[in-house]
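Engineer: Have a look at the structure that comes next, please.
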Amino acid sequence: MTGPSPHPVTFPSWKDAVRRSVLSFEFDCARPDRFSGTVRERYLHGVSFIDMTSGPHAAYRDRTMISEADTGFYVLTLQLDGRIRIEQDERVAALEPGLFALYDSSRPAALTVGEGYRSTCIRFPKTAIAPHDADRLAELTARPMACAPGLNDAVWSTILGVNRNLESLGVHGHTTVHSLMTLVGTMLLSELGRNARPSRPDEQQLERVLGYIDAHLSDADLDPGRIAAAHFLSPRSLHALFEQSGTTVARYIRRRRVERCRLDLADPALARLPASSVGARWGFAGPSHFGQVFKRETGLTPAQFRRQALAEPSGAV
25 MTGPSPHPVT FPSWKDAVRR SVLSFEFDCA RPDRFSGTVR ERYLHGVSFI DMTSGPHAAY
85 RDRTMISEAD TGFYVLTLQL DGRIRIEQDE RVAALEPGLF ALYDSSRPAA LTVGEGYRST
145 CIRFPKTAIA PHDADRLAEL TARPMACAPG LNDAVWSTIL GVNRNLESLG VHGHTTVHSL
205 MTLVGTMLLS ELGRNARPSR PDEQQLERVL GYIDAHLSDA DLDPGRIAAA HFLSPRSLHA
265 LFEQSGTTVA RYIRRRRVER CRLDLADPAL ARLPASSVGA RWGFAGPSHF GQVFKRETGL
325 TPAQFRRQAL AEPSGAV
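Numbering-wise (the working numbering), the sequence shown opens with residue 25 and increments by one.
Quick look at the structure:
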């Protein structure tokens, strides 16, 4: 990791730092010769913590700038000083101190920044939040949200606290970041629920089924028949529910089990637990089956994935 810049940097250097730390943008600045700004990024277990200051400028991403490599992220930004205008999905979030907003790396966006801008952002993979929730967050992009007393203030206080103490987390870093993303997901879903249209009965049923699956992933006998019976559905009705979500029951179970195994394999506190035991812990029938499914889903064997994950440097980038 690299620490914060010791001094504000010029516009060209600042642009390069933003492109490395946040996303690829094109920039406009009326007086680049008078511009100064700072970018401090620290990265831990898939999540970037970014502290930023800048002078007035504009930044934008159109479809020609969005590569496949950077489409899988959300950026959540809290305004600390100054103002910013974020445009995405035909919506506009005008942020002043105490407000925050979300934007999606996979779609065009435009940002207009005023004088004295200062913010803290986190950039995180969409998969850091449960998959069936992440897609719903598209309705939240470029909507101003308040860091008001209650859940939002508690979550942002936690984000800022983790950011301050990132280097001191040691072997607890993985668990801390995972727990933090659970809190972030809860906060965003709470915001989503404030203005959400009433969900249809089938959507409510699907949410209950998904919650049941997530709660029973470690059960080796979890299968469509058991899930259908637990919800007083016929197997045909269960499969019809999943057709609406673009996946199948078996595929969803497999994907969620692999995601849980990825988290455990990347956790330094579980480094001595055999990979086969990690698979068994999340319901895989045996080491061979676990290895085959994991490699098909990730492109790596469990052992290869663990070596790469535990070799990941901690600190600022």
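Beta carbons are placed, not taken as given, at the ideal position from N, Cα and C, and that holds for glycine.
Let's test the definition: count the other Cβ atoms within 10 Å of the Cβ of L175 and tell me whether it reaches 16, buried, or not, exposed.
Structural biologist: With fewer than 16 other Cβ atoms within 10 Å, it is exposed.
Engineer: If you check the beta carbons only, do T325 and G315 fall under 8 Å apart?
Structural biologist: Yes.
Engineer: Go through its chain and collect everything with a Cβ distance to V99's Cβ below 6 Å, but skip five positions before and after it.
Structural biologist: So the qualifying residues of the chain are Y127, C145 and R147.
Engineer: With DSSP as the reference, please indicate the residues paired to Q316 in a beta bridge.
Structural biologist: Paired residue(s): none; Q316 is not in a bridge.
Engineer: Can you give me the C-alpha to C-alpha distance between R330 and A290, rounded to a whole angstrom?
Structural biologist: When rounded, the distance between both Cα atoms is 6 Å.
Engineer: When DSSP labels each residue in this structure, what does C53 get in the three-state scheme?
Structural biologist: Reduced to three states, the DSSP call for C53 is coil.
Engineer: Who are the near neighbours of A309 in its chain, counting only those whose CB is closer than 8 Å to its CB and skipping five residues on each side?
Structural biologist: Excluding positions up to five away in sequence, the list reads A244.
Engineer: Report the three-state DSSP secondary structure of D40 (helix, strand or coil).
Structural biologist: In this structure, D40 counts as helix in the three-state DSSP scheme.
Engineer: Tell me which residues share the same chain as P337 and place their Cβ nearer than 6 Å to its Cβ, disregarding the 5 neighbours each side in the sequence.
Structural biologist: Residue placement at P337 cannot be trusted, given a pLDDT of 48 that sits under 50; what the coordinates show is reported in the next sentence. Answer for P337: no residue qualifies.
Engineer: Less than 8 Å between the CB atoms is what I'm expecting for D113 and L47, so what's the real figure, rounded?
Structural biologist: Wrong, their Cβ atoms sit about 16 Å apart, outside the cutoff.
Engineer: Which residues in the same chain have their Cβ closer than 6 Å to the Cβ of K319, if we skip the five residues on either side of it in sequence?
Structural biologist: Within the same chain, K319 has close Cβ partners T325.
Engineer: From the DSSP output, in three-state form, read off L47 for me.
Structural biologist: Looking at L47 - three-state DSSP - the assignment turns out to be coil, as it is neither helix nor strand.
Engineer: Given that a residue counts as buried once 16 or more other Cβ atoms are within 10 Å of its Cβ, and exposed if not, what is T34?
Structural biologist: The residue is exposed, with fewer than 16 neighbouring Cβ atoms inside 10 Å.
Engineer: Straight-line CA distance for E139 to F124?
Structural biologist: One C-alpha to the other measures close to 18 Å.
Engineer: In the structure shown, what three-state DSSP assignment does D291 receive?
Structural biologist: If DSSP states are grouped into helix, strand and coil, D291 belongs with coil.
Engineer: Pair every Cβ in the segment 224–234 with every Cβ in the segment 254–263, then say whether three or more of these pairs are closer than 8 Å.
Structural biologist: Touching, yes.
Engineer: For L193 versus T182, is the C-beta distance shorter than 8 Å?
Structural biologist: No, the Cβ-Cβ distance between L193 and T182 is not below 8 Å.
Engineer: Let's test the definition: count the other Cβ atoms within 10 Å of the Cβ of T165 and tell me whether it reaches 16, buried, or not, exposed.
Structural biologist: Its Cβ being crowded by 16 or more others within 10 Å, T165 is buried.
Engineer: If you follow the beta strand (DSSP E) that R109 is in, where does it begin and where does it stop?
Structural biologist: Where R109 is concerned, the enclosing beta strand (DSSP E) stretches over I108 to Q112.
Engineer: Starting from A309 and walking both ways along the alpha helix (DSSP H), at which residues does that stretch end?
Structural biologist: No alpha helix (DSSP H) contains A309, which DSSP labels as neither H nor E.
Engineer: What are the boundary residues of the beta strand (DSSP E) that includes S78?
Structural biologist: Residues V71 to S78.
Engineer: Considering Cα atoms alone, identify which of I110, L161, Y84 and R188 is closest to I74.
Structural biologist: For I74, the nearest C-alpha among the options comes from R188.
Engineer: Assign F59 to one of three DSSP states: helix, strand, or coil.
Structural biologist: Coil, per DSSP.
Engineer: Whole angstroms are fine: how far does the CA of R250 sit from the CA of D40?
Structural biologist: Their backbone Cα atoms lie some 53 Å apart in a straight line.
Engineer: So who's on the other strand from T144, going by DSSP bridges?
Structural biologist: Note: T144 sits in a beta bridge opposite D75 and L102.
Engineer: With H, G and I counted as helix, E and B as strand and the rest as coil, what does DSSP make of L241?
Structural biologist: L241: coil per DSSP, three-state reduction.
Engineer: Since P149 sits in a beta bridge, which residues does DSSP pair it with?
Structural biologist: Answer is F97, bridged to P149.
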